[in-house]
Amino acid sequence: MSAALPILGDHEQSTIRDAFAALERDVAVTLELGPSAAPVTLLAAGGRELDTNAATRAIVEAVCALGRLQQAGTTSAGDRPRDSHEGIVRLAVLEHEEAGPWPRTTIAGPTGVGLLYLGMPAGYELATLVGAIIEAGRAEPGLSVATLDRVTELDRDVAIDVFVTPT
Numbered sequence: 173m174s175a176a177l178p179i180l181g182d183h184e185q186s187t188i189r190d191a192f193a194a195l196e197r198d199v200a201v202t203l204e205l206g207p208s209a210a211p212v213t214l215l216a217a218g219g220r221e222l223d224t225n226a227a228t229r230a231i232v233e234a235v236c237a238l239g240r241l242q243q244a245g246t247t248s249a250g251d252r253p254r255d256s257h258e259g260i261v262r263l264a265v266l267e268h269e270e271a272g273p274w275p276r277t278t279i280a281g282p283t284g285v286g287l288l289y290l291g292m293p294a295g296y297e298l299a300t301l302v303g304a305i306i307e308a309g310r311a312e313p314g315l316s317v318a319t320l321d322r323v324t325e326l327d328r329d330v331a332i333d334v335f336v337t338p339t
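Numbers 173 to 339, taken from our numbering, label the letters of the sequence shown in order.
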């Protein structure tokens, strides 16, 4: 039997660990798992079926473990982790029995949700997960003053949907 390959290589782990060491605020990462409302079968190398819940959990846990992690554990829907300002990555895993848009990963700083990611953040999408944790952990927004000024001119909330597909 061959040993399982690590989710992240040594270089990736070192790079992410260094970036997370600079977090200025706590970041809450909530991973929600359960049966998918729109099941899709993903096949891995060799034609074996991929369990997206298990694969997503492994990826998110591996990434979050590279920060100052406080594991909130597996809880039922509705429970949320507390927040402080120590640059800690707080991971909570919620398991749902009802079908829904799972797996779903929510990344939030003290001001609220920064990113809602549906699906498995693998491959190029991994950078989105890491980048969102870094942004949520900044004391100041990573946007220019000009952009922030333009945002204050908006007269209503705006939701931006970005779709990514593996290539």
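Think of the CB as a built atom: it goes at the ideal place given N, C-alpha and C, for glycine as much as any other residue.
For residue i, collect the residues of the same chain with a Cβ closer than 7 Å to its Cβ; drop the 5 residues on either side in sequence, then sort them by chain order.
{"i": "E204", "result": "L266, H268, W274, P275, R276"}
Inspect the beta-carbon positions of residue i and residue j and report whether they are closer than 8 Å.
{"i": "V302", "j": "V199", "result": "no"}
{"i": "A280", "j": "A308", "result": "yes"}
{"i": "I188", "j": "L263", "result": "no"}
{"i": "A193", "j": "I306", "result": "no"}
{"i": "R197", "j": "P313", "result": "no"}
{"i": "L195", "j": "G259", "result": "yes"}
Bridge partners of residue i, per DSSP?
{"i": "R276", "result": "E204, L290"}
{"i": "G219", "result": "For G219, which the question treats as bridged, DSSP gives no partner whatsoever."}
{"i": "G281", "result": "G284"}
{"i": "R322", "result": "DSSP lists no partner for R322."}
{"i": "V317", "result": "Answer is none; V317 lacks a bridge partner."}
{"i": "R240", "result": "I260"}
Need the endpoints of the beta strand (DSSP E) that residue i sits in, please.
{"i": "E267", "result": "260-267"}
For the alpha helix (DSSP H) containing residue i, list its first residue and its last residue.
{"i": "V334", "result": "Element bounds for V334: n/a, residue is neither H nor E."}
{"i": "T213", "result": "Premise fails: T213 is in no alpha helix (DSSP H) and is neither H nor E."}
{"i": "G303", "result": "298-308"}
{"i": "S186", "result": "182-193"}
{"i": "I231", "result": "224-236"}
Once you ignore the five residues that flank residue i on each side, which residues in its own chain have a CB closer than 6 Å to its CB?
{"i": "A287", "result": "For clarity, residue 287 is Leu in the given sequence; the question names Ala instead. Same-chain partners within the cutoff: I279, A304."}
{"i": "L222", "result": "L214, A216"}
So which of the options has the shortest CA-CA distance to residue i?
{"i": "D333", "options": "R310, Y289, Q185", "result": "Y289"}
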